[in-house]
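Chains as they are written, first to last, in our numbering: chain A, 723 to 1149; chain B, 723 to 1149; chain C, 723 to 1149.
Beta carbons: idealized from backbone N, C-alpha and C, even for Gly.
Here is the structure we will look at, set down as structure tokens.
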Amino acid sequence: MDKSQGEILLGWAKDLYPICRSLTGPGVRQTLTYIQKLLPEMEIIEVPSGTKVFDWTVPDEWTIRDAYVLDAKDVRVIDFKLQNLHVVGYSEPVNEFLDLDQLNEHLHSIPNQPNAIPYVTSYYNRQWGFCVTHNQRMSLTPGLYRAVIDSDLKPGVLNYSELIIKGETDDEILISTYICHPSMANNELSGPVVTIGIAKWLQSLQKRRYTYRIVFIPETIGSIVYLSRHLEHLKQRVIGGYVITCIGDERCYSYIPSRAGDGLADEVAQHVLHHIDPNYKKYSWLNRGSDERQYCAPGIDLKIASITRSKYGEYPEYHTSLDNFDVVTAQGLEGGFNAMQRCLEIFEKNFYPKVTVSCEPQLGKRGLYPSLSNKESGEQVRIMMNLISYCDGDHSLLEIANLIQVPFWELTPIVDKLIDHKLLMRN
Amino acid sequence: MDKSQGEILLGWAKDLYPICRSLTGPGVRQTLTYIQKLLPEMEIIEVPSGTKVFDWTVPDEWTIRDAYVLDAKDVRVIDFKLQNLHVVGYSEPVNEFLDLDQLNEHLHSIPNQPNAIPYVTSYYNRQWGFCVTHNQRMSLTPGLYRAVIDSDLKPGVLNYSELIIKGETDDEILISTYICHPSMANNELSGPVVTIGIAKWLQSLQKRRYTYRIVFIPETIGSIVYLSRHLEHLKQRVIGGYVITCIGDERCYSYIPSRAGDGLADEVAQHVLHHIDPNYKKYSWLNRGSDERQYCAPGIDLKIASITRSKYGEYPEYHTSLDNFDVVTAQGLEGGFNAMQRCLEIFEKNFYPKVTVSCEPQLGKRGLYPSLSNKESGEQVRIMMNLISYCDGDHSLLEIANLIQVPFWELTPIVDKLIDHKLLMRN
Amino acid sequence: MDKSQGEILLGWAKDLYPICRSLTGPGVRQTLTYIQKLLPEMEIIEVPSGTKVFDWTVPDEWTIRDAYVLDAKDVRVIDFKLQNLHVVGYSEPVNEFLDLDQLNEHLHSIPNQPNAIPYVTSYYNRQWGFCVTHNQRMSLTPGLYRAVIDSDLKPGVLNYSELIIKGETDDEILISTYICHPSMANNELSGPVVTIGIAKWLQSLQKRRYTYRIVFIPETIGSIVYLSRHLEHLKQRVIGGYVITCIGDERCYSYIPSRAGDGLADEVAQHVLHHIDPNYKKYSWLNRGSDERQYCAPGIDLKIASITRSKYGEYPEYHTSLDNFDVVTAQGLEGGFNAMQRCLEIFEKNFYPKVTVSCEPQLGKRGLYPSLSNKESGEQVRIMMNLISYCDGDHSLLEIANLIQVPFWELTPIVDKLIDHKLLMRN
């Protein structure tokens, strides 16, 4: 039996889960290489540490080989090899003996989530530290400890990758996801795997109206790097797009607007979510938190929105070791994939339909009126007539779908039929 | 004692009730001839069957002389002479013996309205049939029946009529009502009789700002015919108007917008209904159902709205023999007439008033301030001052009425007084 | 110990309280002379009775020297010297014997506020009368009375005063308050004293962007006079402003819009009140009642709004002897003063900020990121980032404050810091 889309996505996520990603370093490259096997046309790019990118500088590359805390008996009481969240991201190397009080200054835990290992980083401030469950922390007894972090922090490169899928026009849709978080499932692996799935689906289409620009980047610094290299091109070509993240659990759907809030990506996202989950959560620009912060910044204004399931910062497992495959499921990923697919289908199929006859067309003589009248066929005629009544060439199909309160995807087969009967044309 | 307006309207409706109208045929001509006696300037027009009108073709003319079902004893168990709803509209001629099962295939009834004869037509699909109460249907016993329909379906004409009442300008208001339903009172006779009343009232006015174009047509095909013959003229001249139908019962008032929803007819209708029935029902374009479907079709866009009382499709007696003079009353018709009259008065009297003095005028020196101050006169001064405060030449009187929350018709005497005192002028 | 702002304002109000003001006359001059001592640059202007001003005429000057009612024993049962509200404003002179019934025709009282002396005037209708508490009125016994009003009503002047405080630009903000009511504290003395306080504060500023035009006028006729003399100048220069009245009690805050409702004064007032009193009362133009009636009249349209505390007409003591220093307090006046000051500070400091870098700036390298992370500092960073995210040169700082739901005055120190770091510039 073939795997479902959700199971395929989940499989990729599980493969990528153990890798220790960060802004830079071997974990990122290992992740991008894995993705490249799935999307061979994708190009991996490297940018040297120290490169100026707008107001920022590409940081040194971080390599982490091992990290642990030994107790007085040389037992690893904290061990990065078991769980890569144990080490603070971008920790500088250390090899020190400390008593418990000294050690505690370098420990992070969450008292009211005592079973969760928190995810902590310190990218732009040289530090070192370990993250543990609060229960484990409480169980540490006074005595001598040795903290060892076998890491490098030195000039290297920042990696990201880019996949361009050509369409019939040069207008582009930008899809961005990030690959800088270690072993957590919803934030972030749901993002890259749904993006891979979307990319493969786009490639499978016979033709595409739009060109798709898909990037896998480290968050924040990665989008700043990318914008600094392609700004004029993006400003001219990109008509909309999405940041894909936190899209793999089975809870609610959520929408985070672009800064202006009035882009086609916004309109499309709200239409899709309204119809697949009427109780979806609608956040505001003030609740933003990922790369839309850069894509929509003043003067850049790419009108990139986001669809998530449980939004980052809004679910209890966020940024802890509990964000695992209890949270992210095949069904959750498939729902997220479907929502994104619906969105892009609308981008592809939206147009300004115009009826070709004056007054209502006579459907009966074309066999478009149901011969056997019943409630369902009556509803279909009602939808068809409502649709036609707005096909004035001034309303897009998406606007019409909103006006007549029918999902876009239920209108497209009707539109195709009406075009076949030469009752509709493109304006 | 003079008859009330409602009683006059009810009298016409009762005269017209027995006639068996359809899209075409003698019943329509008989109806239009009756109306022509009341409105002698009205012209009756005929259009040959087979004429192409946009996407449609004028159908054959239907003449129905008799229709009945005989039982085995030659008793008329169903008899068109008793109630013209008994025959399916546009039934082809038939003269057949059938057993009960065969007969049942040609019968229509409403199980959950067992005392109602339904109204059924089959204009564009050759059929024949009878409509009965469900109780009667259930009482039919097995046996041999003979179904006889003495009808013609052959090339002839479609009739409609047109009345132009000239005004001071060439700008036109279109009023459309339909005359294609057999013996039912709210849908449709309330429409034609209120329209006759409105036409007579318009003719009685000393002068009119607008030219009124009033048509009595068969629904759908009639408006398509009319539009096909006058489209350019109508698009240039018509500034708004109404479809008049279902306007004779005593239940709620209702408003159905034009497609754009922003025409003067829309604004006026909502203002009038808000003040005569604050709980009036506001439908959307998706609830449309009469000739506004054609008048407001894409590319035609005449901004024709509707005011009804119980809207078609929304009251239990709709399209059955129960839609009779238990539903439509003198009081119901008079209310509908008054609402339409209010609307047209606003069209006639609306203008952009402009105050002639800077700052507030001094009302006292003109005797416009009440000498004896009490609550009522204080309210009158407050209304006058609120009115004046918006007379900047940019707000229409209707807009001002909405802003200050006073019915338009309460403002017109105040406006007249202020114009007499040269405090207001037309912008 | 220095007096608080509220105590200073209350002191001025108590000084002005005993003066018997009216539209014209010695009480107005005495009041303006007192104010001129506090604002020496202020000019007092006089306009002769009989001067035509738009639709009005400057009335005769009223001088009241004494007024009383004697009973049969020559005892003053009503005495203007004790309370100047006892005499109807603009009463003509009288010296008559009357019985109780005759006297009652000239008495005014409020049955359902039996301890309140009402405030009554008759500016444009020659009359005389006395105002008393309803309790006193009921206690008057039948017998002979003598009514004496020692007043003049003859050609003289109308007085008002004007203070111009120059700013860096010729654009003006108009502040208007009235000085025509006798001994009442909220309506009206709170208005003039808060205006004096605001004028002194504006004069104390090292520089001002705008020029401030501050007028102390008799209500209605005063603003009409003022507009008739300066209309073209005001229409060209005034960008907004406020009528200041009823701003001294401790109850709610209120906002009355300009006629258009969309001026900067409107936007500013609503922002300030939303943040200092989320439950403030928002009135409509239909609730207007002071000189905004003239300033916003059609064709004048200065976009003058009002901030009050308990609005005129909306508190029980309004226009009675109960509107005294039980109603108006130091704390109430200080609150009103602060609200007005906040408004004018926003006028002075509003601008269109534009971020100088592409993408988000890196706050960390500038020390703008808190070194010690806690909830409060996190909130500060969040506000700063939200602010920056809207600094596109198209949103004013006031619009941004509304978008990010933070008081304007909390943003100005952040803006200053960002300008110091060259991260923001003026568009």
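Contacts that residue i makes with chain C (C-beta to C-beta distance below 7 Å)
i	result
tryptophan 850/A	The contacting residues do not exist; tryptophan 850/A stays about 17 Å from chain C at best.
asparagine 1108/B	Leu1008
Of the listed residues the options, nearest to residue i (C-alpha basis)
i	options	result
cysteine 1081/A	Cys1113/A, Ala1019/A, Ile936/A	Cys1113/A
histidine 828/A	Ile886/A, Glu1067/A, Phe852/A	Phe852/A
arginine 951/A	Val769/A, Arg1088/A, Gly983/A	Val769/A
lysine 803/B	Ala735/B, Ser905/B, Asp1048/B, Tyr867/B	Ser905/B
aspartate 793/C	Gly1035/C, Ile730/C, Arg859/C, Leu896/C	Arg859/C
isoleucine 961/C	Asp821/C, Tyr934/C, Trp923/C	Tyr934/C
threonine 899/A	Ile936/A, Leu880/A, Gly919/A, Trp1131/A	Ile936/A
glycine 772/A	Met764/A, Glu783/A, Ser883/A	Glu783/A
asparagine 847/C	Arg1088/B, Ile1122/B, Trp923/B, Val1103/B	Arg1088/B
valine 1079/A	Gly889/A, Ser1111/A, Arg973/A	Ser1111/A
asparagine 857/B	Trp850/B, Ser831/B, Phe776/B, Tyr867/B	Ser831/B
threonine 1042/B	Arg798/B, Val775/B, Glu763/B, Val842/B	Val842/B
glutamine 824/A	Trp850/A, Ile839/A, Val990/A, Leu1125/A	Trp850/A
Closer than 8 Å to chain B by CB, residue i
i	result
glutamate 1121/A	no
valine 1103/A	no
Nearest-angstrom Cα separation, counted from residue j out to residue i
i	j	result
lysine 1003/A	isoleucine 978/A	9 Å
glutamine 758/C	arginine 1148/C	39 Å
histidine 903/B	asparagine 1001/B	30 Å
leucine 953/A	glutamine 1127/C	31 Å
tyrosine 790/C	alanine 869/C	6 Å
phenylalanine 1073/A	serine 1032/A	32 Å
aspartate 1045/A	threonine 917/A	19 Å
asparagine 837/B	leucine 885/B	39 Å
valine 810/A	serine 844/A	7 Å
leucine 732/C	valine 915/C	8 Å
tryptophan 1131/C	glycine 963/C	19 Å
aspartate 1013/B	histidine 955/B	18 Å
threonine 967/B	leucine 1119/B	28 Å
aspartate 1023/A	cysteine 1018/C	39 Å
glutamate 1098/C	serine 980/C	38 Å
leucine 866/B	glutamate 818/B	10 Å
Chain B contact residues for residue i, given Cβ-Cβ distances below 7 Å
i	result
glycine 1021/C	Ser1080, Asp1114
Any C-beta of chain A under 8 Å from that of residue i
i	result
arginine 931/B	no
glutamine 958/B	no
Cross-chain neighbours of residue i in chain A, by beta carbon under 7 Å
i	result
isoleucine 946/B	Cys1081
tryptophan 734/B	None at all; the shortest Cβ gap to chain A is about 30 Å.
Neighbour list for residue i in chain C, Cβ cutoff strictly below 8 Å
i	result
isoleucine 1126/B	Leu1008
Other residues of its chain near residue i: CB distance less than 8 Å, five sequence neighbours each side excluded
i	result
glycine 1086/C	none
CB contact check: residue i to chain C, cutoff 8 Å
i	result
serine 1111/B	yes
phenylalanine 1059/A	no
valine 916/B	no
leucine 829/A	no
Contact set between residue i and chain A, taken where Cβ atoms lie within less than 8 Å
i	result
glycine 1086/C	Tyr846, Asn847
Where residue i meets chain B, residues with beta-carbon distance less than 9 Å
i	result
arginine 981/C	Ser1111, Tyr1112, Asp1114
arginine 1015/C	Cys1081, Glu1082, Met1107, Ser1111
Sequence-distant residues of the same chain with beta carbon closer than 7 Å to residue i, five excluded per side
i	result
threonine 785/A	Gly747, Pro748, Ser873, Asp874
alanine 907/A	Ala735, Tyr739, Gly970, Asp1045, Asn1046, Phe1047, Val1049, Val1050
Proximal chain C residues relative to residue i, where beta-carbon distance stays under 9 Å
i	result
phenylalanine 1073/A	Under the 9 Å cutoff, chain C gives no residues; its nearest Cβ is about 31 Å from phenylalanine 1073/A.
valine 711/B	With chain B represented from 723 up to 1149, any question about residue 711/B goes unanswered, as that position is not in the structure.
Any non-hydrogen atom of the ligand FAD closer than 7 Å to residue i Cβ
i	result
threonine 773/C	The model on display carries no ligand, and the ligand FAD is accordingly not part of it.
6 Å CB neighbourhood of residue i in its chain, flanking five on each side removed
i	result
aspartate 988/A	Pro979, Ser980, Ala1027
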